[in-house]
Structures are given as structure tokens and as C-alpha cells.
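Peer 1: Got a structure for you, written out below as C-alpha cells; questions coming shortly.
There are 2 protein chains.
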Amino acid sequence: MSTPLSSTKQESLDILSSLITKTAKLSKAASRKIATASTEQKNSALNTIAETLMERETEIKKENEKDLEAARASGLSSAMIDRLTISSGTILSMVQGLRDVLALPDPVGETVKKWQRPNGLAVSKMRIPLGVIAMIYESRPNVTVDAAALCLKAGNCSILRGGSEAFHSNMILAQIIQDALAKAGLDRDCVQVLPVKERDAINILLQQEEFIDLVIPRGGEALIRFVVQNSTIPVLKHYKGVCHAYIDKDADIDMAMNICINAKVQRPGVCNALETLLVHEEIASSFLPAMAEKFSQAGVELRGCSATLAILADIKKAEESDWDAEYLDLVLAVKIVKNMEDAITHISTYGSDHTDIIVTGNPENAEYFIKNVSSSMVAVNASTRFNDGGELGLGAEIGISTSKLHAFGPMGLEELTTTKFVVRGNGHIRQ
Amino acid sequence: MSTPLSSTKQESLDILSSLITKTAKLSKAASRKIATASTEQKNSALNTIAETLMERETEIKKENEKDLEAARASGLSSAMIDRLTISSGTILSMVQGLRDVLALPDPVGETVKKWQRPNGLAVSKMRIPLGVIAMIYESRPNVTVDAAALCLKAGNCSILRGGSEAFHSNMILAQIIQDALAKAGLDRDCVQVLPVKERDAINILLQQEEFIDLVIPRGGEALIRFVVQNSTIPVLKHYKGVCHAYIDKDADIDMAMNICINAKVQRPGVCNALETLLVHEEIASSFLPAMAEKFSQAGVELRGCSATLAILADIKKAEESDWDAEYLDLVLAVKIVKNMEDAITHISTYGSDHTDIIVTGNPENAEYFIKNVSSSMVAVNASTRFNDGGELGLGAEIGISTSKLHAFGPMGLEELTTTKFVVRGNGHIRQ
Numbered sequence: 001m002s003t004p005l006s007s008t009k010q011e012s013l014d015i016l017s018s019l020i021t022k023t024a025k026l027s028k029a030a031s032r033k034i035a036t037a038s039t040e041q042k043n044s045a046l047n048t049i050a051e052t053l054m055e056r057e058t059e060i061k062k063e064n065e066k067d068l069e070a071a072r073a074s075g076l077s078s079a080m081i082d083r084l085t086i087s088s089g090t091i092l093s094m095v096q097g098l099r100d101v102l103a104l105p106d107p108v109g110e111t112v113k114k115w116q117r118p119n120g121l122a123v124s125k126m127r128i129p130l131g132v133i134a135m136i137y138e139s140r141p142n143v144t145v146d147a148a149a150l151c152l153k154a155g156n157c158s159i160l161r162g163g164s165e166a167f168h169s170n171m172i173l174a175q176i177i178q179d180a181l182a183k184a185g186l187d188r189d190c191v192q193v194l195p196v197k198e199r200d201a202i203n204i205l206l207q208q209e210e211f212i213d214l215v216i217p218r219g220g221e222a223l224i225r226f227v228v229q230n231s232t233i234p235v236l237k238h239y240k241g242v243c244h245a246y247i248d249k250d251a252d253i254d255m256a257m258n259i260c261i262n263a264k265v266q267r268p269g270v271c272n273a274l275e276t277l278l279v280h281e282e283i284a285s286s287f288l289p290a291m292a293e294k295f296s297q298a299g300v301e302l303r304g305c306s307a308t309l310a311i312l313a314d315i316k317k318a319e320e321s322d323w324d325a326e327y328l329d330l331v332l333a334v335k336i337v338k339n340m341e342d343a344i345t346h347i348s349t350y351g352s353d354h355t356d357i358i359v360t361g362n363p364e365n366a367e368y369f370i371k372n373v374s375s376s377m378v379a380v381n382a383s384t385r386f387n388d389g390g391e392l393g394l395g396a397e398i399g400i401s402t403s404k405l406h407a408f409g410p411m412g413l414e415e416l417t418t419t420k421f422v423v424r425g426n427g428h429i430r431q
Numbered sequence: 001m002s003t004p005l006s007s008t009k010q011e012s013l014d015i016l017s018s019l020i021t022k023t024a025k026l027s028k029a030a031s032r033k034i035a036t037a038s039t040e041q042k043n044s045a046l047n048t049i050a051e052t053l054m055e056r057e058t059e060i061k062k063e064n065e066k067d068l069e070a071a072r073a074s075g076l077s078s079a080m081i082d083r084l085t086i087s088s089g090t091i092l093s094m095v096q097g098l099r100d101v102l103a104l105p106d107p108v109g110e111t112v113k114k115w116q117r118p119n120g121l122a123v124s125k126m127r128i129p130l131g132v133i134a135m136i137y138e139s140r141p142n143v144t145v146d147a148a149a150l151c152l153k154a155g156n157c158s159i160l161r162g163g164s165e166a167f168h169s170n171m172i173l174a175q176i177i178q179d180a181l182a183k184a185g186l187d188r189d190c191v192q193v194l195p196v197k198e199r200d201a202i203n204i205l206l207q208q209e210e211f212i213d214l215v216i217p218r219g220g221e222a223l224i225r226f227v228v229q230n231s232t233i234p235v236l237k238h239y240k241g242v243c244h245a246y247i248d249k250d251a252d253i254d255m256a257m258n259i260c261i262n263a264k265v266q267r268p269g270v271c272n273a274l275e276t277l278l279v280h281e282e283i284a285s286s287f288l289p290a291m292a293e294k295f296s297q298a299g300v301e302l303r304g305c306s307a308t309l310a311i312l313a314d315i316k317k318a319e320e321s322d323w324d325a326e327y328l329d330l331v332l333a334v335k336i337v338k339n340m341e342d343a344i345t346h347i348s349t350y351g352s353d354h355t356d357i358i359v360t361g362n363p364e365n366a367e368y369f370i371k372n373v374s375s376s377m378v379a380v381n382a383s384t385r386f387n388d389g390g391e392l393g394l395g396a397e398i399g400i401s402t403s404k405l406h407a408f409g410p411m412g413l414e415e416l417t418t419t420k421f422v423v424r425g426n427g428h429i430r431q
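Chains as they are written, first to last, in UniProt numbering: chain A, 1 to 431; chain B, 1 to 431.
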């Protein structure tokens with residue numbers, strides 16, 4: 001008897017579906033235990049992962065080499081291959097990340113708030129883990145270790161689905177993590193790497209609402225939109241960072257130039273890099289020529305509004321599409337605004353709620369800007385580049401959320417938890 | 001020329017879609033202004049709504065009568081008609097709700113946390129509104145006023161889509177609310193009632209991710225599942241409340257009976273009513289007969305496990321389906337457990353993460369239960385009925401979330417906000 005092709009396809013989908021459902025169920029079951037694991041147990045697992053990564057470096061690189069060979073054969077871009085590569089430096093940075101997370105205080109069990117009701121009921125809010133977190137990400141295999149560590153420390157189970165191009169790398173990292181969990185007396189299922197390459201796996205994973213509490217996609221906008229469209233599970237997402245600096249008329253010019261260069265040039269390919277510069281019209285003619293020269297020395301291409309072109313004759317004119325562009329490159333849009341209100345309107349029209357800053361010597365304007373700009377980080381006289389879990393003092397971050405629900409901005413350990421109400425009575429009944 | 005039917009259908013969908021997109025855009029634009037409105041302005045609008053509701057009672061009832069007539073004609077159940085009716089009592093309770101929200105502190109602008117970085121950067125987290133909240137609900141027209149008031153006080157815009165059976169009632173309430181906003185100098189678009197009866201409207205609304213920050217469905221499980229399946233916007237949801245009471249062997253028997261009667265009988269049709277009673281085997285034979293008599297006097301039907309049947313011979317046997325049933329009625333499942341661990345396993349297997357309580361005189365057991373049960377409210381020696389925003393001291397609630405993301409449990413004003421990072425520097429750049 002022969003099976004028609006469509007039925008074979010259906011059968012393999014059924015097998016995939018049952019595998020993923022089983023993974024999710026095991027994760028949910030394990031999440032009940034890890035939720036109450038001691039800090040010592042969790043730290044011991046983190047420590048073992050770090051030690052094993054160093055011990056088994058050669059072996060890890062060998063598995064990684066299998067992925068790299070396939071990547072080269074399939075003609076992956078050199079940038080992709082770069083991100084896929086596990087070097088000694090990558091391993092050291094994973095180890096350092098583990099040690100950082102190990103040193104952070106355990107958020108689970110903390111009483112966040114407490115109060116008493118007039119009837120004598122003692123009410124408090126206690127921090128508890130979210131439960132099961134699914135991460136969907138692309139090439140970098142170090143995310144496997146970083147994400148597993150943060151989820152674990154906050155008492156969560158994780159299901160990790162890395163890119164298919166990093167399959168062998170992720171599998172050996174998963175094995176190292178699971179062995180460390182077992183050695184610490186924790187359930188191996190607390191961290192599971194989905195051992196399937198099929199894209200259909202993501203679709204099936206996104207329907208496991210009964211077992212998974214949160215999905216975090218990390219990658220390009222297309223991946224994130226796909227996850228949002230297809231998930232019944234809450235999604236923490238980060239579309240893009242169109243970050244603005246507004247230079248007020250009372251700004252210290254040197255400070256403004258320093259901050260803008262840092263924000264644009266220090267690492268142009270990241271989400272908290274500067275993309276649009278807004279300049280008060282009264283300061284434009286003194287500020288822009290000197291600023292443009294510095295940008296030119298740093299290799300930054302400027303694209304200006306007509307008023308900017310009247311001051312900087314030799315730059316390109318900005319099109320409408322430049323105002324909401326996330327260049328992630330040495331390109332910057334420049335606009336002269338009438339006043340701060342005008343700058344704020346521009347930001348709320350074209351911004352992405354990510355990071356926006358003001359440079360000003362006027363404290364009233366600083367407070368007004370803080371109050372009226374609703375981005376995940378609003379800064380006064382500091383670079384956009386500080387919107388980062390490490391820089392803000394969260395210790396580590398699993399990502400930056402640009403949606404306002406649950407967490408807004410960098411997400412550290414605390415943002416990987418929720419709170420429950422705890423009520424202590426003495427036979428209290430409701431009247 | 002005649003138009004084919006399918007094209008007419010498509011045209012009307014297009015019109016609906018453009019209407020809803022316009023509503024969502026206006027809401028987003030208005031949300032930028034209401035985010036920084038003063039507490040006085042918001043309170044003044046709330047006060048005017050309350051006064052106008054009382055002044056225009058006759059007119060409101062006349063509009064409500066149109067809905068009631070249509071409901072009777074279409075054969076709606078008496079329970080549905082009851083919920084649809086705006087009586088003088090309904091108006092008084094809306095007015096009281098408005099006064100309660102008016103009296104609550106304004107959460108917007110509060111500095112939740114602040115710290116300093118080693119480099120001198122001053123970092124804080126400031127409470128800000130979520131933005132635009134869409135509520136999708138069924139018959140009760142009072143939700144229109146209650147939800148609008150809570151959203152407004154927390155600085156959010158709301159888009160309200162009530163049931164089509166309450167169309168006329170909701171339209172006059174919307175008009176009263178919008179007039180009050182205008183009188184307080186606020187934008188009428190801060191509260192918009194979707195003036196469309198079509199179910200397709202919900203589908204279109206759920207795709208307005210660009211303009212809407214949160215969707216809160218209130219109604220039966222089918223409505224909530226529909227919203228979760230079709231929304232690209234984050235959803236705050238509440239599926240069901242399968243609430244448990246565990247009576248420990250060290251429980252005070254009288255206290256346990258009082259609490260169980262209150263939890264089951266005081267208002268059996270609500271989500272925080274008791275649905276399953278778990279009894280330690282060592283206390284079962286002394287506790288259950290007296291308890292069963294009280295339940296019988298209160299008209300409660302018991303369904304027991306086999307061990308329970310050995311003590312209470314004349315009750316019905318519980319089926320597997322009884323253990324995760326949300327009866328919302330005078331029915332209670334009863335199970336005898338070996339010990340507390342057994343009770344906790346039962347709760348994590350069949351519970352809904354809503355409300356679970358322990359009655360015990362043993363403080364160690366109380367703490368163990370608190371730590372190991374992850375429901376939105378865990379209580380010791382107090383009724384399940386306290387899981388309510390008002391009872392816990394939140395002032396008011398827009399609903400109870402049983403998903404752990406963003407908010408878990410009753411949601412008051414604070415849960416209708418998020419926080420942004422505020423950074424104050426002195427020319428700080430990233431190294």
C-alpha cells in the first residue's frame with residue numbers, strides 16, 4: 001500500500017505536533033518544581049554550566065564547525081556566519097554572563113508590597129516566576145545559554161528554539177545545560193531545546209497556550225510579526241528603535257556634540273543607536289556646522305530637512321521615509337524644529353517608543369520632555385546608548401520590550417516574574 | 001448596474017474597517033494628550049459624568065427600554081434581560097463607582113523606584129498610562145461607565161464595544177461621558193463607544209495593533225477564546241475560577257465551616273466562589289458530617305470521591321469532570337486527601353490559577369501552602385471571596401487576570417499603567 005503525499009505531510013505534522021506538545025507539557029510540569037527551588041540549587045546549576053563550557057570548549061567548537069560548514073555550503077552571508085561562530089571569546093562571554101546572573105539577587109519569593117485592610121486582613125504581593133517561557137531566536141547560539149540562565153534564575157522553565165542553522169551548536173549547549181541541572185538536583189526538563197528544524201515547529205509552539213506563559217521572539221521584524229500574528233500566547237516584542245535626540249536652545253553645545261557622536265557612532269547597528277537628530281531653530285546655525293564636521297569625520301551620512309539644507313548645503317535631502325527609518329548604519333536624519341513642543345510632536349508621530357533624549361541646560365524643559373515623551377527610556381543629557389539592562393543596573397537583560405504590556409524597556413530578572421496576592425486572615429469571611 | 005452580493009458584503013466590510021481604523025487612530029492621538037492631563041481635570045470629568053447620570057435618569061431608562069423591548073421580542077433569557085436592565089439601583093451603583101474612582105490617588109507620574117549608577121547617572125522608573133485600551137464585553141451597560149472611568153483616571157483612552165443588545169443604552173452613556181470630557185477641557189475621543197452592531201467589528205478591532213495597546217474581553221469563555229485566537233494586540237484575560245479550599249488536619253473546625261459556607265454560598269455565581277473542597281484524611285470523619293449538614297441546609301449539592309462517600313453515604317459520586325468544573329452554582333466537589341502535598345498536587349492539576357486557600361492552625365503549613373500554590377490569590381484562614389479589587393484594597397477593579405503576564409489577579413488603576421525608565425545625566429556617554 002502506498003500513502004499519498006498529502007497524508008505523509010499530515011503524518012509528519014502530527015508527529016511534530018505531538019513532540020512539541022509533549023515538550024510543552026514536560027516544561028509545565030517541571031515549572032512547578034523549579035518555582036520553589038532554592039537559590040543555592042539554581043546558582044549551583046549556573047556554576048556547573050560555566051565550568052563545563054570551559055572544560056568542553058574543543059567539543060563545542062567541533063559541533064559548531066558542523067553548523068559553519070553547512071552554512072558555508074549553503075552560501076550564508078558572512079555577517080550570518082560571524083554571528084553563528086562560537087569562538088573562545090564567545091565562550092568566555094557566555095561564562096561571564098553566567099557568573100553575572102549567578103551574582104544577581106534571586107527575585108523569587110520577595111514581598112513586593114504589603115498592607116492591612118480595615119477588617120484586619122494582611123495582604124501582600126509576592127514575586128513568583130512566570131512559569132514557562134519560549135524563546136524563538138535566530139543564528140547566535142550564545143542566546144541559548146544566556147536565555148536559559150536568566151529564565152532559570154527567575155525560577156522559570158524555558159523552551160528554546162534557535163535557528164536551524166545553529167542546530168548542532170544548540171544541541172551540545174542544551175546537553176551541557178541539562179547535565180548541569182541534573183547535577184544540581186533539578187529537573188532536566190527545566191531547559192529544553194526544541195530538536196526540530198522545521199519552521200512548522202514555531203506555528204505549533206505558538207498554540208501551546210495551556211502550557212506556555214510567554215513567548216519572546218528575538219530577531220528581525222519579519223520573525224517578530226510572524227510570531228505576533230500566530231501566537232495565542234502573550235508575546236514580548238521589540239519591533240524597532242527609531243531613537244531621537246532633541247537639542248534644546250539652552251543646550252551646552254559641546255555636551256550635545258559629545259552625546260550625539262556617542263549615540264550615533266559608538267555602535268550604529270544596535271536598537272538604541274541614534275537615528276534622528278532634532279535641533280531647536282535658535283541654536284541650529286551655531287550647532288549644526290560644527291556637529292556636521294564631527295559627523296563627517298566619523299563617516300556619518302546626514303539627510304536633512306529643507307531648513308537644515310539652508311545651513312548645511314552639501315548634504316542629502318531627507319525624504320518622508322527617512323523620518324521613521326531605523327538605519328542601523330552610519331546614516332542620520334536631521335530636522336530643525338521651532339521649539340520643544342514641535343520636537344515632541346515629531347517624536348510621537350515618527351518614534352517607536354524606544355529611546356528619546358533631550359540635551360538642555362533648562363531644568364523645566366527637561367521635566368516637561370520627561371513627562372511628555374512616553375518612550376521606554378527618556379533621558380536628559382545622556383546618550384541613547386544607556387537604554388540597556390546592564391547600563392541601567394538591571395544586571396542583565398533578556399531583551400528590550402517596546403510594547404507597554406508587562407514590561408516596557410529592558411527586561412531583567414524582575415521582568416521575568418509576576419506577583420501573586422497573599423492573604424493572611426483569622427477566619428475572615430466576606431460580608 | 002447591479003452589484004453582486006459578495007461585492008456588497010466586501011464594501012460594507014471596507015466601510016466598517018475604515019470606521020474602526022479611524023476610531024483607533026483618533027484614540028491613539030487623544031491618548032498622547034490624556035496621558036499628561038491633570039488629576040483635577042480627570043476628576044472633574046468623572047464628577048460631571050456622575051451628576052449627569054442622575055440628572056438624565058429618565059432619558060437613560062427610555063433608551064434602555066428600547067434595548068429591553070428588542071431583547072424581549074428576540075426571546076432573550078430572563079437572566080440576560082436582568083443584566084441588560086438599567087434600574088435606579090444600577091444608576092446609583094454607577095455613580096458610587098465614579099465617586100470611588102474619583103477618590104483614588106492618580107497613579108500617573110509616580111516614581112516607582114529610583115537608584116544611582118556608579119557613573120553618577122540617576123535612574124528612575126516613572127508610572128505612565130498604557131495608552132489605548134479596548135474593552136469587549138457583553139450585555140451589562142454599566143460596564144461602559146465603570147471601564148471608561150478606570151481607564152480615564154489612569155490616563156488611558158478607551159474604545160468600548162459592548163454587546164449589540166445594549167446598543168441604545170451604550171450610546172446614551174457614551175454621549176454623557178463625552179460631554180463630560182469636553183466640559184472638563186479633555187478630548188471627546190478619549191472614550192469612544194463603537195457604534196456598530198456587527199460581530200465583524202471585533203475582528204477588525206483586534207488587528208489595530210498599531211493604535212491599541214491592550215484588549216480586555218469580559219464575558220463567557222467562548223468570547224475570550226475568540227479574542228485570544230484573533231488578536232494581535234496583547235489580551236488580558238480571565239478564563240475561569242476553579243477555586244479550592246484545603247482543610248488541613250490542624251484546622252479549627254468551626255472556622256473551616258464558616259469559611260467554606262461563605263466561599264460557596266454567599267454568591268455562588270461568581271469566579272471567586274469555592275468549587276472544590278479538599279479535606280485532610282485525619283480530620284475528614286470529624287469535619288465532613290457537620291460540614292455536610294450545613295451545606296445541605298444552604299441547599300448545596302455535594303459530589304464526593306469514594307473516600308468521601310464512605311463518610312457521607314447519601315451524596316452523589318464525583319466524576320473526573322467534576323474536578324475541573326466551574327459550577328457557578330450551589331454544587332461542590334469534595335475530595336479527601338492524604339496530606340497537604342496531595343492537596344497541592346490536586347490544585348496544580350485541576351486548578352485555574354485563580355484563588356486557592358488553606359485553613360490551618362499550623363503556621364509552617366500555611367507558609368508552605370503559600371509558597372507552593374501559584375494562584376493569583378493564595379489565602380490562609382480567609383474566604384476565597386476576598387479575591388476582588390475592592391476587598392484587597394485596590395479601590396476598584398477592571399477585572400481579574402488569570403494569565404500571569406502584566407497583571408495576575410485583580411487589576412486596579414496601577415495595573416492599567418506601565419513604567420518608563422527616566423535617566424538624568426550630565427553629559428554622560430557610553431564607554
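Ideal placement from N, C-alpha and C gives every residue a C-beta, glycine not left out.
These numbers come from a predicted model, not from an experiment.
Run the CB neighbour count on B:I15, radius 10 Å, all protein chains shown included, and call it buried at 16 or more, exposed below.
Peer 2: exposed
Peer 1: For the alpha helix (DSSP H) that contains B:F421, what are its first and last residues?
Peer 2: Counting along the chain, B:F421 falls outside any alpha helix (DSSP H), though it belongs to the beta strand (DSSP E) covering T417 to H428.
Peer 1: Are the beta-carbon atoms of A:L160 and A:M135 separated by less than 7 Å?
Peer 2: yes
Peer 1: Checking contacts by CB at 7 Å: is A:C271 closer than that to chain B?
Peer 2: no
Peer 1: Just the C-alpha distance for B:Q266 and A:R430, rounded to the nearest angstrom, thanks.
Peer 2: Cα to Cα, B:Q266 sits roughly 8 Å from A:R430.
Peer 1: On the three-pair Cβ rule with 8 Å, is the segment 201 to 218 of chain B touching the segment 56 to 74 of chain B?
Peer 2: Using a Cβ-Cβ distance cut-off of 8 Å, the segment 201 to 218 of chain B and the segment 56 to 74 of chain B are not in contact, since fewer than three pairs of beta carbons, one from each stretch, lie closer than that value.
Peer 1: For the alpha helix (DSSP H) containing A:K62, name the first residue and the last one.
Peer 2: From DSSP, the alpha helix (DSSP H) with A:K62 extends over E57 to A73.
Peer 1: Taking C-alpha atoms, which residue in A:S321, A:V123, A:D106 and A:V331 lies nearest to A:A292?
Peer 2: The residue with the shortest Cα to Cα distance from A:A292 is A:V331.
Peer 1: Would you be able to state if there are at least three C-beta pairs under 8 Å between the segment 27 to 38 of chain B and the segment 117 to 134 of chain B?
Peer 2: Cβ pair count under 8 Å is three or more, so yes.
Peer 1: Could you tell me whether any Cβ in chain B is nearer than 7 Å to the Cβ of A:G425?
Peer 2: yes
Peer 1: In terms of residue numbering, what span does the alpha helix (DSSP H) encompassing A:H346 cover?
Peer 2: M340 to Y350
Peer 1: Could you please give the first and the last residue of the uninterrupted beta strand (DSSP E) stretch that includes B:G399?
Peer 2: Note, B:G399: beta strand (DSSP E), G399 to S401.
Peer 1: Please tell me whether residue 468 of chain B and B:I370 are closer than 7 Å, where the distance is taken between their beta carbons.
Peer 2: Since the first residue shown for chain B is 1 and the last is 431, residue 468 of chain B is missing from the structure and cannot be characterised.
Peer 1: When you compare each of B:L173, B:R199, B:K264 and B:A50 to B:K328 by their alpha carbons, which one comes out closest?
Peer 2: Before going on, a small fix: residue 328 of chain B reads as Leu here, not Lys. For B:L328, the nearest C-alpha among the options comes from B:K264.
Peer 1: Indicate whether A:K237 and A:E326 have their beta-carbon atoms separated by less than 7 Å.
Peer 2: no
Peer 1: Apart from the five residues on each side of it in sequence, which residues of its chain come closer than 7 Å, Cβ to Cβ, to A:V228?
Peer 2: V235 and K237
Peer 1: Measure from the C-beta of A:D314 to each C-beta in chain B and report whether the shortest distance is under 7 Å.
Peer 2: no
Peer 1: Please give me, in chain order, every unbroken run of the beta strand (DSSP E) with length at least 3 that falls completely inside the segment 76 to 141 of chain B.
Peer 2: Within the segment 76 to 141 of chain B, the complete beta strand (DSSP E) segments at least 3 residues long are 111 to 116, 122 to 129 and 132 to 137, listed from N- to C-terminus.
Peer 1: Here's a check: name, in chain order, each residue in its chain whose Cβ is nearer than 7 Å to the Cβ of A:L274, leaving out the five neighbours to either side.
Peer 2: C243, A245, C260, A263, K264, L332 and T384
Peer 1: Using a cut-off of 7 Å between C-beta atoms, extract the partners of B:G409 located in chain A.
Peer 2: K420 and F421
Peer 1: Answer yes or no: do residue 437 of chain B and B:K42 have a C-beta to C-beta separation smaller than 7 Å?
Peer 2: No information on residue 437 of chain B is available, as it lies outside the stretch 1 to 431 that chain B covers here.
Peer 1: Counting contacts by CB-CB distance shorter than 7 Å, is B:S124 in contact with chain A?
Peer 2: no
Peer 1: Between which two residues does the beta strand (DSSP E) containing B:H244 stretch?
Peer 2: C243 to I247
Peer 1: In whole angstroms, give me the CA-to-CA distance for A:M1 and A:I204.
Peer 2: Annotation note: pLDDT 39 at A:M1 (below 50); position unreliable, no value reported.
Peer 1: Which class does B:T360 belong to by DSSP, given the choice of helix, strand or coil?
Peer 2: coil
Peer 1: Which runs of the alpha helix (DSSP H) fall wholly inside the segment 273 to 343 of chain A and span at least 4 residues, in chain order?
Peer 2: If only complete runs of 4 or more residues are kept, the segment 273 to 343 of chain A shows the alpha helix (DSSP H) at 281 to 297 and 306 to 311, in order along the chain.
Peer 1: With DSSP as the reference, label A:P4 as helix, strand or coil.
Peer 2: Model confidence at A:P4 stands at a pLDDT of 49, short of 50, so the residue's coordinates are unreliable; what they give is reported in the following sentence. Secondary structure of A:P4 (DSSP, three-state): coil.
Peer 1: What does the alpha-carbon distance come out to for the pair B:H346 and B:A318?
Peer 2: 14 Å
Peer 1: Alpha carbon to alpha carbon, what distance is there between A:M411 and A:L394?
Peer 2: 8 Å
Peer 1: Counting only Cβ pairs nearer than 8 Å, list the residues of chain A close to B:V228.
Peer 2: E209 and T232
Peer 1: Taking the straight line between their C-alpha atoms, what separation do you get for B:L194 and A:T48?
Peer 2: 57 Å
Peer 1: Quick check on A:P217: buried or exposed, where buried means 16 or more other Cβ atoms within 10 Å of its Cβ?
Peer 2: Buried, since its Cβ has 16 or more Cβ neighbours within 10 Å.
Peer 1: Between the segment 390 to 405 of chain B and chain A, which residues of the former have a C-beta closer than 8 Å to a C-beta of the latter?
Peer 2: E391, L392, G393, S403, K404 and L405
Peer 1: Is the segment 135 to 144 of chain A close to the segment 103 to 119 of chain A, with three or more CB pairs under 8 Å?
Peer 2: no
Peer 1: Using a Cβ-Cβ distance under 7 Å, would B:L150 count as near chain A?
Peer 2: Judged by the 7 Å Cβ criterion, B:L150 is not in contact with chain A.
Peer 1: Output yes if chain B places a C-beta closer than 7 Å to the C-beta of A:A379; else output no.
Peer 2: yes
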